[in-house]
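**Student:** Protein chains in written order, with the working numbering: chain G, 181 to 539; chain A, 175 to 465. Note that CB positions come from ideal geometry on N, CA and C, so glycine has one too. This is the structure I have questions about; it appears just below.
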Amino acid sequence: MTFLEISNISKTFGKVAAVNDVSLEITQGEFVTFLGPSGSGKSTTLYMIAGFFEPTAGDVRLEGRSILAEPSNKRNIGMVFQRYTLFPHLSVAENVAFPLRVRRRPAGEIARKVEEMLALVRLESFADRMPAQLSGGQQQRVALARALAYNPPLLLMDEPLSALDKKLREEIQDEIRRIHRQTGVTILYVTHDQEEALSLSDRIALFNQGRIEQLGKGRELYDAPRTRFVADFIGHSNFIDCAITRSEGGSADIVLPDGGTLNGISLHGAAVAGARAGLMIRPDRLRFSPLGEGAEPGIDAVLTDATFIGETYHVVLATGWGASVNVRIPASRIRPQDLTMGTHVRLHWEAGDARLFGQ
Amino acid sequence: MTVTDVPIATPSPVLAAARRRGRGLAPVLPALALIVVVFVIPVLALLLRSVLEPEPGLQNYAAFFASTTYLKVLGNTFLVAGTVTVATVLLGFPVAWFLAIAPSFWSRLLFAIVILSMWTNLLARTYAWMVLLQRTGIINRTLMEIGLISEPLPLINNLVGVTIGMTYIMLPFMILPLHATIRSIDPAIFQAASLCGASRFQAFTRVMLPLTASGIAAGALMVFVMSLGYFITPALLGGTSNMMLAELIAQLVQSLLDWGLAGAAALVLLVITLAIYMVQLRFFGFGQARG
Ligand SMILES: Nc1ncnc2c1ncn2[C@@H]1O[C@H](COP(=O)(O)OP(=O)(O)OP(=O)(O)O)[C@@H](O)[C@H]1O
Ligand SMILES: [Mg+2]
């Protein structure tokens with residue numbers, strides 16, 4: 181059942197369309213991440229749900245009811261911000277108690293809840309500290325406890341870890357995952373770090389220029405990107421320039437700059453015969469073998485560089501027309517003597533691993 | 175007190191080292207000398223005259239506190255200074271807030287107005303109020319024309335006029351420290367308060383006020399203390415029957431040539447001012463913004 185329904189919301193600032201016709205349905209307990217480059221409209225979308233921005237168009241429904249008419253203090257939504265927003269004049273315990281105090285809950289209940297929340301974020305012993313006495317990571321954990329203290333059905337997080345160093349970030353990611361499991365709260369999370377998005381989320385909405393470019397599980401975005409932008413943003417990709425010679429029902433034949441041809445490659449986006457396109461293949465899906473061994477279709481190239489980076493080799497090859505192609509091969513699948521510089525090889529791949537994106 | 179006082183309490187090692195070598199005071203000596211010459215010495219002289227003239231003893235202080243006229247002047251002074259302080263807080267807070275959150279064009283414009291009015295000659299501004307407040311002034315005429323009053327209100331030559339004029343003149347001294355305090359607060363804190371369920375009123379009382387208390391206290395101290403000793407505006411907008419302390423001192427010196435009693439009155443004012451400053455120091459440190 182749909183828990184949070186965002187339908188066709190847009191937000192324009194002057195002439196800039198910060199968010200452009202975004203729709204999204206989220207089920208209860210789901211962890212959905214907004215991923216995308218800077219300025220792509222992730223925060224703006226979140227802020228419209230929080231009630232800080234009024235959408236130019238569209239609707240937001242929580243449990244079937246539109247929340248747009250309600251001011252943010254009536255929405256009962258939790259949020260952790262990118263910047264540190266603990267109240268500097270209140271202790272950790274008082275910060276967590278704040279949402280309950282403004283709701284005029286009885287003192288006993290507040291005390292119990294504060295204790296429970298501080299235990300949830302493992303900061304019981306910090307109850308009497310002031311925010312200025314906490315590290316950045318601890319402040320964000322207190323902010324998380326404060327945002328969950330009133331059992332909001334929905335928790336928004338806008339790049340809560342972006343100010344922290346990598347190790348601490350990973351630690352708190354684990355905490356967030358655990359808290360999500362433990363509380364079952366529905367989470368909308370914003371980040372521009374794809375590893376963070378992949379490790380935390382049930383589903384990822386990849387934003388680009390105010391639109392959701394693709395929505396799906398991380399693995400879907402990686403394996404079946406629908407646009408060149410998605411393929412480029414998630415994971416590593418090779419894009420080989422080519423021209424389409426024939427296109428029919430989502431599949432196309434192409435000609436490469438050196439005149440080589442390849443047939444029946446899955447095509448995404450409109451492209452007619454004669455149009456230019458990009459042939460996308462992940463570095464870990466590419467294989468190569470010495471020329472003349474078998475006659476698999478592929479691209480001829482010369483080995484120009486190979487680096488052992490632990491478990492895998494990172495191999496760089498140059499095509500006849502000077503483009504470079506990256507390949508990753510598990511160390512167990514190749515012998516060092518097969519990686520002699522200047523060797524002429526043929527690059528090949530499984531039929532399903534190549535995708536064509538019209539330009 | 176709070177942690178945030180720590181940076182104030184722990185001076186940099188460089189400064190501490192300079193202080194140990196006894197060189198810390200050198201740069202401030204000229205200013206210190208000036209203060210001693212133009213402030214400490216005259217105050218001491220006045221103090222001496224207050225206990226020596228016309229003959230040694232405390233009779234000037236006894237006379238001051240025995241006179242209902244003088245005590246009334248003291249009361250007037252406190253009443254006006256207190257009212258002006260409260261009025262500048264109430265009027266200055268919204269302005270300081272607006273300055274902090276308004277789009278830059280509007281906040282710069284308002285800031286320029288505040289600063290320019292501060293830079294404009296004090297006498298000119300006070301005379302402007304005389305024009306506005308007199309019986310046939312704009313305020314009275316307007317009120318009569320719209321039929322709110324039938325007789326002109328007595329807005330000048332009394333404490334009402336003094337309070338109005340001084341509130342206007344003191345406003346910048348409230349707005350500036352308050353603005354600095356409000357601007358140092360991250361607006362995201364109020365977004366957080368709102369999502370936490372706080373109404374605008376609750377966000378104001380539970381977040382805004384505590385976070386700006388030090389700024390309000392700094393501004394209020396400045397305005398109150400300046401108002402206690404203010405002379406020009408009470409002299410021009412006030413009446414002869416309801417004086418303030420500075421006017422009384424001037425009159426004692428200039429008309430009655432009673433330096434002893436003038437010294438006693440001045441010292442009473444100084445002691446009160448210092449006492450208020452100590453209280454402020456006790457509760458708000460040096461008036462520094464917290465957090
Ligand atoms: N208050 C505002 N006024 C005008 N333009 C704004 C405002 N807020 C955002 N924008 C614009 O809207 C667009 C989307 O901004 P948004 O903050 O949503 O991006 P984002 O995806 O969160 O980026 P980041 O990763 O940098 O946080 C940007 O072009 C931004 O300049
Ligand atoms: Mg953002």
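Could you please go through the chain and list the residues whose beta-carbon is closer than 5 Å to any non-hydrogen atom of ligand 1?
**Tutor:** G:F193, G:A198, G:S218, G:G219, G:S220, G:G221, G:K222, G:S223, G:T224, G:H372
**Student:** Cβ of G:E376 versus every heavy atom of ligand 3: is any distance shorter than 7 Å?
**Tutor:** Inclusion of ligand 3 in the displayed structure is not the case, the ligand content consisting of ligand 1 and ligand 2 alone.
**Student:** Within a Cβ cutoff of 8 Å, which residues of the same chain sit near G:N188, ignoring the five residues on either side of it in sequence?
**Tutor:** D201, V202, S203, A237, G238, D239
**Student:** A:I182 by DSSP, collapsed to three states: which one?
**Tutor:** Confidence is the limiting factor: at A:I182 the pLDDT is only 39, short of 50, which leaves the residue's position unreliable and the question unanswerable from this model.
**Student:** Return the chain-ordered ranges of every beta strand (DSSP E) run that is complete within the segment 219–289 of chain G and spans a minimum of 3 residues.
**Tutor:** Given a length threshold of 3 residues, each whole run of the beta strand (DSSP E) inside the segment 219–289 of chain G is given here in chain order: 237–242, 258–260.
**Student:** Where does A:W293 land, buried or exposed, given buried means 16+ other C-beta within 10 angstroms?
**Tutor:** exposed
**Student:** Which stretch, first to last residue, makes up the beta strand (DSSP E) that contains G:P470?
**Tutor:** Segment 467–470, the beta strand (DSSP E) holding G:P470.
**Student:** Specify the secondary structure class of A:M418 as computed by DSSP and reduced to three states.
**Tutor:** Three-state DSSP puts A:M418 in coil, outside helix and strand.
**Student:** Using the three-state DSSP reduction, which class does G:E205 fall into: helix, strand or coil?
**Tutor:** strand
**Student:** Residues of chain A with a CB under 9 Å from the CB of G:M297: which are they?
**Tutor:** Those within 9 Å of G:M297 in chain A number zero; the least Cβ separation is about 13 Å.
**Student:** Run the proximity test for G:V171: is its beta-carbon closer than 7 Å to any non-hydrogen atom belonging to ligand 2?
**Tutor:** With chain G running from 181 to 539 in the structure shown, residue 171 of chain G is simply not present.
**Student:** For the alpha helix (DSSP H) containing A:P384, list its first residue and its last residue.
**Tutor:** 383–402
**Student:** Does G:A230 have its Cβ less than 8 Å from a Cβ in chain A?
**Tutor:** yes
**Student:** Could you tell me whether any non-hydrogen atom of ligand 2 is closer than 7 Å to the CB of G:E339?
**Tutor:** Checking the Cβ of G:E339 against ligand 2 gives yes.
**Student:** Taking Cβ positions only, does G:F267 come closer than 8 Å to chain A?
**Tutor:** For G:F267, the answer is yes, since a Cβ of chain A falls inside 8 Å of its Cβ.
**Student:** Within 10 Å of its beta-carbon, does A:V154 have 16 or more other beta-carbons around it, so buried, or fewer, so exposed?
**Tutor:** Limits of chain A in this structure are 175 at one end and 465 at the other, which puts residue 154 of chain A out of reach.
**Student:** So which of G:G209, G:T484, G:T492 has the shortest CA-CA distance to G:L336?
**Tutor:** G:G209
**Student:** Check each candidate in G:I359, G:I461, G:R357 and name the one with the smallest Cα separation from G:L527.
**Tutor:** G:I461
**Student:** Would DSSP call G:D485 helix, strand or coil?
**Tutor:** strand
**Student:** I need the straight-line Cα distance from A:L435 to A:V336, nearest angstrom please.
**Tutor:** 24 Å
**Student:** Roughly how many angstroms separate the alpha carbons of G:Y264 and G:D480, rounded to a whole number?
**Tutor:** 54 Å
**Student:** Which chain A residues sit within Cβ distance under 7 Å of G:R358?
**Tutor:** Chain A residues near G:R358: none, gap ~23 Å exceeds 7 Å.
**Student:** Tell me where the alpha helix (DSSP H) around A:T374 begins and ends.
**Tutor:** In the sequence under discussion, the amino acid at residue 374 of chain A is Arg, which differs from the Thr named in the question. Element bounds for A:R374: 374–377.
**Student:** List, in order along the chain, the chain A residues whose C-beta lies closer than 9 Å to that of G:N253?
**Tutor:** A367, S368, L369, C370, G371, A372, S373, R374, Q376, A377
**Student:** Mind checking whether the beta-carbon of A:V288 lies closer than 7 Å to any heavy atom of ligand 2?
**Tutor:** no
**Student:** Could you check whether G:L459 and G:L483 sit closer than 8 Å to each other, using their CB atoms as the reference points?
**Tutor:** no
**Student:** Can you list the residues of chain G that A:L385 reaches, using a CB-CB cut of under 9 Å?
**Tutor:** F267, P268, H269
**Student:** Short of 7 Å Cβ to Cβ, which residues in the segment 338–363 of chain A face chain G?
**Tutor:** D360, A362, I363
**Student:** Is G:L344 helix, strand or coil by DSSP?
**Tutor:** coil
**Student:** Alpha carbon to alpha carbon, how far is G:Q319 from G:I247? Give it in angstroms, no decimals.
**Tutor:** 29 Å
**Student:** Please report how far the alpha carbon of A:F457 lies from the alpha carbon of G:R284, in whole angstroms.
**Tutor:** 29 Å
**Student:** Report all residues from its chain with a CB closer than 6 Å to the CB of G:V276; omit the five preceding and five following residues, and keep chain order.
**Tutor:** V294, M297, A325, R326, A329
**Student:** I want to see whether chain A comes within less than 8 Å of G:M259, judged by CB atoms only; does it?
**Tutor:** Using a CB distance cut-off of 8 Å, G:M259 counts as an interface residue toward chain A.
**Student:** Ends of the alpha helix (DSSP H) at A:V305?
**Tutor:** 296–307
**Student:** Give the DSSP-derived three-state secondary structure of G:V301 in the structure shown.
**Tutor:** coil
**Student:** Does any CB atom of chain G fall closer than 8 Å to the CB of A:V381?
**Tutor:** yes
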